[in-house]
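Below: the structure, in structure tokens.
Right, here's the structure in full:
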């Protein structure tokens, strides 16, 4: 009887639970349907466009009281839909009252991300995520909790990396892709966990995706980079395709006087703009199809039934238009799929000019049997012809087909060398899918058969997977698109959330973007009031800058040195959010200098010149200062050469050609100091606590190779010729009478120029005064009555 009663109560309880969940699910479905309806009708207004964002991106002051950025006009431009707050939120709350976990996560996302201009509520979002995972496992909720504890949501909550790692791990175990990326990054780089590239490799090995527009950019690059348009050394991450195509078209038109040439160019590049799209222009397949069709039809009208000579430019663009149009038919992009039509267009393209894209796609048609039985031999022939034209897709497809013909076991295949080599060529040519496959080949040990002398390392292998993921951010980091859309709408608070999530996943441009939203360099002179920054947000910005620095961003590395050295001031009567740390500043400058950063070497020279920092025993060392100033000048010249090779002369003068006068002045300053204070040079070089003295103590126990750099510095200090162990003399620059003469003539030139300017100014003032007096006399005479 007791067992019967127990079973009865269990059935009643289960029925109640089922009824409760069913009721909650009904409310959730209604809310989801209404949210989808809002999504279709919601339009976003923007304050930034392609025409006004360059050099004008302004991040307002963050207000610690309102927990938002000042001048937030996003809510005025994009008001919250009434249906969202009056219908969707109440329905979700009703579902939550019945313990519906998906409703909890959906409402938490609305409060955290502020979708559809929803007012954010980070505290409520955190509560809902916790409530959801307390009822059932949810990978996304675990990830968001990890993100909240890792960032503290920029000062809202306390940062707790142990809890963050725990929730990220739970997210991985429940199949969350974002958690997977974060833990791969942390284990690979040793961020708040012990470095372990093997574990990172295992997680990254699971990630594959699709292609699309890449929103992984540094938003600071719209203003020329962290240091502005002229001073930043890190290449820009922004590449607007419409501008690229427009520049190419303009350059080609300069060398073409034929009207037909320019018409084919215009159709082709306009088709590419519609096919690719960019940050501000969505893809328009219909427009692309029309442009390529017009291009192909123009070729038919001009050349099909006439013996007109076809120029090489027309051949190139007509063949490309035919191949692009054929590809749209082949894959049904913006047009119903028609493989037969695609095959005809590819054949026409090859008649006009050999085209690697056409050859590769004909190989795809043969391999997959899209127009009859599959023919692997014919496919191989097409791929080989395309490979001769350096088609990265053909390299990859040939490798995969040979792997397929080998039964999927490349190690025992007679084609194993070709399989590996072709995939390597595809990866090195920039093929995204090939990066993943090449990583697999390296991981499987195939390289030892194809390249037995090459060494395969875990960090090297993981780098290919990393680049593969970075090229597919639309799949692995869709929040980057959300962040960019919020940014150009003026909603910087929501943009920061999106960029910070990607920063946690290890995307270097996103780390810079998040840091830039948290902290911006202040100009030395500005008509507007200086911004203030609280310590929590600055510390998080520094954390992201350090992560970007580890990934090779030189501007971030130098900026960290500047922040810790106190190079940038803050408003008076306000405590600095950054504690001075000259030792850390020296470390970051040294890292930047080792990467051949001109700014980093220059800053190191300054620290040695003025004896700043415990790393140099707070002692002045003019010779080491000159050494780094010389390096800075050398790196600057190399940077200019590389810049000239990648941009036009006018662009270089406007964006990359900052002056090296500050380096030359620093070297001149050192020489003047040497002229008037030789004893300080000698005393500094021989002081007991100096840097070189410590170096001498180390060199006594080192080998001959380690003595050479210090010996050169010693010889340089004494103005002598350095003789190495083999007795070979090496000239070391001495400060001779010629140097003093140059300094004297330079000073005389500036003095004479200065005196002449003063004399000219005095003469100009005197002439102006005399002219005014004459004018007054004329006026008096003009109005004076004449007496008869």
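Residue numbers (full-length UniProt numbering): 1 to 788.
Glycine included, each C-beta is placed from N, C-alpha and C at the ideal position.
Put residue i into one of helix, strand or coil per three-state DSSP.
i: residue 760; result: helix
i: residue 68; result: strand
i: residue 415; result: coil
i: residue 618; result: coil
i: residue 749; result: helix
i: residue 564; result: helix
i: residue 376; result: helix
i: residue 137; result: coil
i: residue 363; result: helix
i: residue 423; result: helix
i: residue 538; result: helix
i: residue 197; result: Unreliable positioning characterises residue 197 in this predicted model, as indicated by a pLDDT of 46, which lies under 50. A coordinate reading is not provided.
i: residue 696; result: A caution first: residue 696 carries a pLDDT of 44, below 50, which makes its placement in the model too unreliable to give a value.
i: residue 473; result: helix
i: residue 596; result: coil
i: residue 369; result: coil
i: residue 459; result: helix
i: residue 431; result: coil
i: residue 612; result: coil
i: residue 344; result: helix
i: residue 719; result: Low per-residue confidence applies at residue 719: pLDDT is 42, beneath 50, and the placement is therefore not dependable, though the value from the model is reported in the following sentence. In this structure, residue 719 counts as coil in the three-state DSSP scheme.
i: residue 575; result: coil
i: residue 397; result: helix
i: residue 391; result: coil
i: residue 451; result: coil
i: residue 26; result: helix
i: residue 660; result: coil
i: residue 674; result: helix
i: residue 439; result: helix
i: residue 353; result: coil
i: residue 216; result: coil
i: residue 176; result: coil
i: residue 632; result: helix
i: residue 736; result: Reliability of the predicted coordinates at residue 736 is poor, the pLDDT of 47 falling under 50, and no value is obtained from them.
Can you tell me the Cβ-Cβ gap for residue i and residue j, rounded? I've got them flagged as a contact below 8 Å.
i: residue 629; j: residue 666; result: 5 Å
i: residue 334; j: residue 285; result: 3 Å
i: residue 164; j: residue 149; result: 4 Å
i: residue 496; j: residue 514; result: 6 Å
i: residue 291; j: residue 271; result: 4 Å
i: residue 560; j: residue 549; result: 6 Å
i: residue 146; j: residue 171; result: 6 Å
i: residue 464; j: residue 435; result: 5 Å
i: residue 635; j: residue 664; result: About 14 Å; that fails the 8 Å criterion.
i: residue 299; j: residue 55; result: At roughly 41 Å, the Cβ-Cβ gap does not stay under 8 Å, so residue 299 and residue 55 are not in contact.
i: residue 59; j: residue 517; result: 6 Å
i: residue 342; j: residue 391; result: At roughly 17 Å, the Cβ-Cβ gap does not stay under 8 Å, so residue 342 and residue 391 are not in contact.
Quick one, which of the options has its alpha-carbon nearest residue i's?
i: residue 127; options: 106, 118, 117; result: 106
i: residue 565; options: 314, 550, 611, 760; result: 611
i: residue 67; options: 536, 608, 619; result: 536
i: residue 462; options: 455, 478, 449, 443; result: 443
i: residue 484; options: 216, 157, 27; result: 216
i: residue 120; options: 95, 460, 130, 153; result: 153
i: residue 180; options: 760, 617, 505; result: 505
i: residue 168; options: 501, 552, 588; result: 501
i: residue 438; options: 396, 621, 749; result: 396
i: residue 466; options: 331, 482, 433; result: 433
i: residue 600; options: 623, 633, 132; result: 633
i: residue 77; options: 102, 59, 86, 48; result: 48
i: residue 640; options: 596, 624, 756, 625; result: 596
i: residue 522; options: 763, 228, 304, 668; result: 228
i: residue 558; options: 371, 583, 603, 520; result: 603
i: residue 295; options: 631, 316, 279; result: 316
Have a look at the DSSP bridge pairing and note the partners of residue i.
i: residue 553; result: In DSSP, residue 553 forms no bridge with anything.
i: residue 63; result: 68
Say whether chain D places a C-beta atom closer than 8 Å to the C-beta of residue i.
i: residue 356; result: The displayed structure is made up of one protein chain only, and chain D is not part of it.
What are the complete alpha helix (DSSP H) segments, minimum 4 residues, inside the region 86-167? 89-97, 101-113, 122-135, 139-151
Taking the runs of the alpha helix (DSSP H) that are 4 residues or longer, which of them lie wholly in the region 223-311? 228-231, 241-254, 259-276, 285-303
Could I get the ranges of all uninterrupted alpha helix (DSSP H) runs contained in the region 476-538, with 4 residues as the minimum, in chain order? 479-488, 492-504, 508-518
Which runs of the alpha helix (DSSP H) at least 4 residues long sit entirely within the region 311-341? Give them in chain order. Within the region 311-341, the runs of alpha helix (DSSP H) that reach at least 4 residues and sit entirely inside it are, in chain order, 312-331.
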